[in-house]
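In the numbering used here, the protein residues as written are 139 to 1114.
Have a look at the structure below, then the notes.
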């Protein structure tokens, strides 16, 4: 238990685990009085040069006074943080509050009767890093954490004095991205910098986060040595299966078998079909007995034995763990606590964990060839990265990608595979960081049962999708995630989360089949330039099915070209060449059925057709080509054979002399058959990066995959110019902040009253139509005189609000007589005025009733939503969503994203409404919640969009203390 040093309680919330530049981890925590011996030991391991840089003079050892000073902190004016590994200090940082003259300052209350001096907001900061750990990014991580602590304690500026020769520390400060001032005096460099995060400091922080987390995953996927702990002497156990799979997969590094049950005399473990001894895997009773570095330990022992194994691995310097053992959070509360203890223990030693309850990891790179999983075969190498939280789904994904015949074909392979199990530590976010700049991965496929940090996930997904496709299928969409996953709850419905993922560029699909379908197309075909699709083939019916599927997916298909069942390979080649050369075509779907009743002269064969399609597509490589085949397994295999990385049965024949090529024949006009005997271009050996043509057994599956590709391509084009967040001159940000502060200070209800709501929205240029209470008929008449006829009479009781279908609204009341009659009807039909709470409001111009909402979700962040008002839209769930802040381009797309959007643009001859005014309203609401995180909910309903302008008829706002923004704080791993 940590003991408070002085004035304040120990700030446990400052403790954090961080990933360092080299992929290892360290624990950051406050220094306390208990750390005296650790501090002395740490200092003794620092070189004389580093001590000189810290104290500007030879300083061989710390005095008792120094130790007291550096371990006694009040956690306000004097704070020290340490980075620890294995419980020992590897670096320290401290700040001391200073006054304008550079002397120590205090925020303590002044003695009675003395005037209180102004509290200084400046502090002096200093670092010391053990020489053995310099270059790991520890000082940069500590700077982020000490800056966050200082901001919490009212410090806004740091000052640091550094010797000019200490270039490493100067670089730590200058590279941090804060606004700085630099001076040189008396042989010392003085740096001063504001601690308020800037766009550059956040960008620097996120870039460092990406590099560190990517390297932490790379250490797990590219080990030079692996120890399987729990490998038995005989086949059948999980540990022995993992060992055999690593060995049989051709792992290029050193492999060890570890089991404390091994007899002392056992030195090697032979293959599954041999006896112990001989040229087998080195066997050891403990990882401590291994002579040399172990990069990765694959743990397959009972859960109760795992802590001992982790301790041995940590003490031996193992860099990472894959824990396949079960019995953790998926087993209930006791297992959840066991899982927390596992993560804490591993992080103590700077190790990261995949698992527990993991299926394993695979890396098909020829330099690694690691199959540390329960998959019995190494997948084909390829360009697709796979992440699955479920082992069963991981098996299904690997199986479907591995199959050549039936189902989806057009073979490509896997670059890396991670099945995270309970994902107690390494998550999909970490693997995405690795894939972002992995040169071996072109497409990322993810099966997620839970998203632990949606805000970070969408940020990383947006960056990843900007350079390579990211396809995601979500499990557990309509209920809680697996018990093994400890995630923060979100109030947002699944549909909203899906919309936010699509906004971030994620290709979100519903099934594993769709995941593979889309992944294969995106992995081996170029992105289409638009939605225009050419369809050609030898079956009129299959072509029509494809045409209808395109229309259903929102594509723009050309009328199918029927080549008839007698079409030859040359006919297919000529037709595909024409389609790809057509400037009005963005993609081509080829439909093919086998010849019936035996092959007729000139009819198409599998290999010939595949070569014809490949050669035609190679001539125009900028457009995607897909094949829909029916019971044509040979074609599917032939389409992928040229660039397949699967082992070949025989080596290729030596090249033969090539005769002079005949002049190329022009392609026949559209609708004409190629003349008999027309040559099909000779087969070519495709380069490794050639575009394979994926083949699908159903038109609907091929077209859906193409639709995903079209949507993603459009997102890539839009992301290149995302727009901007407009700056409106009439926004009174300061006035709104004062109103919010006053409201929260008074401690009133989080829901603002009508007057406060109108005032806050008015500060952002959002004007709400005035509504006057009408508790009696005479009050209603007086309100109408004040506002002017025509008016509307509405009830505002919670159970009737926004329920015009129940008769709680009377419109276009032109005079006093109509108003009194309407008042009597409402009270007679629905209840007393006290129950109904009627109000009178001046009629707004006629238009389309819409809803604008914003809500702050603790997990996902601020979300802006838009839809049409009324039961039909609510029943259909027809709402569109965007993350705040919203740009002008995103506001435009938000309005057009709902299915009922045609009602805004002149549907069935109606007048189009003022959508630019609506978009401006959306942007102003976005600015409000982005500028003031205390605004946790805004509800504008209805918003009437007329031919000119918008009218907000009702509004509500809720305030609350701003939720924590972990994406703005220092880099940390999820707490356990």
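Beta carbons: idealized from backbone N, C-alpha and C, even for Gly.
Identity of the residue in the options nearest residue i by Cα
| i | options | result |
| --- | --- | --- |
| residue 830 | 759, 299, 879 | 759 |
| residue 1098 | 1078, 918, 883, 985 | 883 |
| residue 299 | 261, 1092, 573, 336 | 261 |
| residue 989 | 1005, 978, 725, 979 | 1005 |
| residue 366 | 342, 463, 663, 306 | 463 |
| residue 232 | 535, 958, 707, 168 | 168 |
| residue 879 | 369, 1072, 555, 476 | 1072 |
| residue 935 | 899, 754, 973 | 973 |
| residue 698 | 498, 684, 707 | 684 |
| residue 1014 | 1038, 1022, 1021, 1003 | 1038 |
| residue 513 | 273, 693, 487, 382 | 382 |
| residue 165 | 241, 276, 242 | 276 |
| residue 199 | 634, 337, 181, 568 | 181 |
| residue 219 | 455, 286, 258 | 286 |
| residue 258 | 318, 343, 291 | 291 |
| residue 194 | 611, 304, 535 | 304 |
First through last residue of the alpha helix (DSSP H) which encompasses residue i
| i | result |
| --- | --- |
| residue 597 | 592-603 |
| residue 177 | 174-182 |
| residue 363 | Segment 363-367 is the beta strand (DSSP E) holding residue 363; no alpha helix (DSSP H) there. |
| residue 902 | That residue, residue 902, is in no alpha helix (DSSP H); it is neither H nor E in DSSP. |
| residue 226 | Note, residue 226: premise wrong, no alpha helix (DSSP H); beta strand (DSSP E) at 226-236. |
| residue 846 | 837-857 |
| residue 405 | Here residue 405 belongs to no alpha helix (DSSP H), and DSSP marks it neither H nor E. |
| residue 376 | 376-386 |
Where the beta strand (DSSP E) containing residue i begins and where it ends
| i | result |
| --- | --- |
| residue 585 | 581-586 |
| residue 725 | 725-730 |
| residue 767 | 763-767 |
| residue 322 | 318-323 |
| residue 950 | 947-951 |
| residue 394 | 392-396 |
| residue 994 | 985-995 |
| residue 911 | 909-911 |
| residue 710 | Residue 710 -> not in any beta strand (DSSP E); alpha helix (DSSP H) instead, spanning 707-719. |
Local Cβ density within 10 Å of residue i, reported as buried at 16 or more and exposed below that
| i | result |
| --- | --- |
| residue 322 | exposed |
| residue 340 | exposed |
| residue 316 | buried |
| residue 579 | buried |
| residue 435 | buried |
| residue 800 | Note on residue 800: pLDDT 38, under 50, position unreliable in the model; no value is reported. |
| residue 211 | buried |
| residue 216 | buried |
| residue 951 | buried |
| residue 744 | buried |
| residue 722 | exposed |
| residue 689 | exposed |
| residue 677 | buried |
| residue 739 | For residue 739, the predicted structure reports a pLDDT of 45, less than 50, and the residue's modelled location is therefore unreliable. A value from the coordinates is still provided. Classification of residue 739: exposed, given that the 10 Å Cβ count is below 16. |
| residue 405 | exposed |
| residue 1019 | buried |
| residue 944 | exposed |
| residue 123 | Nothing in the structure corresponds to residue 123, since the chain is present only between 139 and 1114. |
C-beta atoms of residue i and residue j nearer than 8 Å
| i | j | result |
| --- | --- | --- |
| residue 394 | residue 376 | no |
| residue 1027 | residue 861 | yes |
| residue 1113 | residue 1088 | no |
| residue 1051 | residue 985 | yes |
| residue 161 | residue 357 | yes |
| residue 839 | residue 655 | yes |
| residue 946 | residue 980 | no |
| residue 268 | residue 364 | no |
| residue 869 | residue 834 | no |
| residue 451 | residue 481 | no |
| residue 659 | residue 535 | no |
| residue 898 | residue 978 | no |
>> Report the start-end ranges of each beta strand (DSSP E) in the region 426-511 that is 3 residues or longer and not cut off at the edges.
In response: 434-437, 458-461, 490-492, 498-501, 508-511
> Hey, which unbroken runs of the alpha helix (DSSP H) at 4 residues or more fall wholly within the region 1030-1112?
Replying inline: 1053-1069
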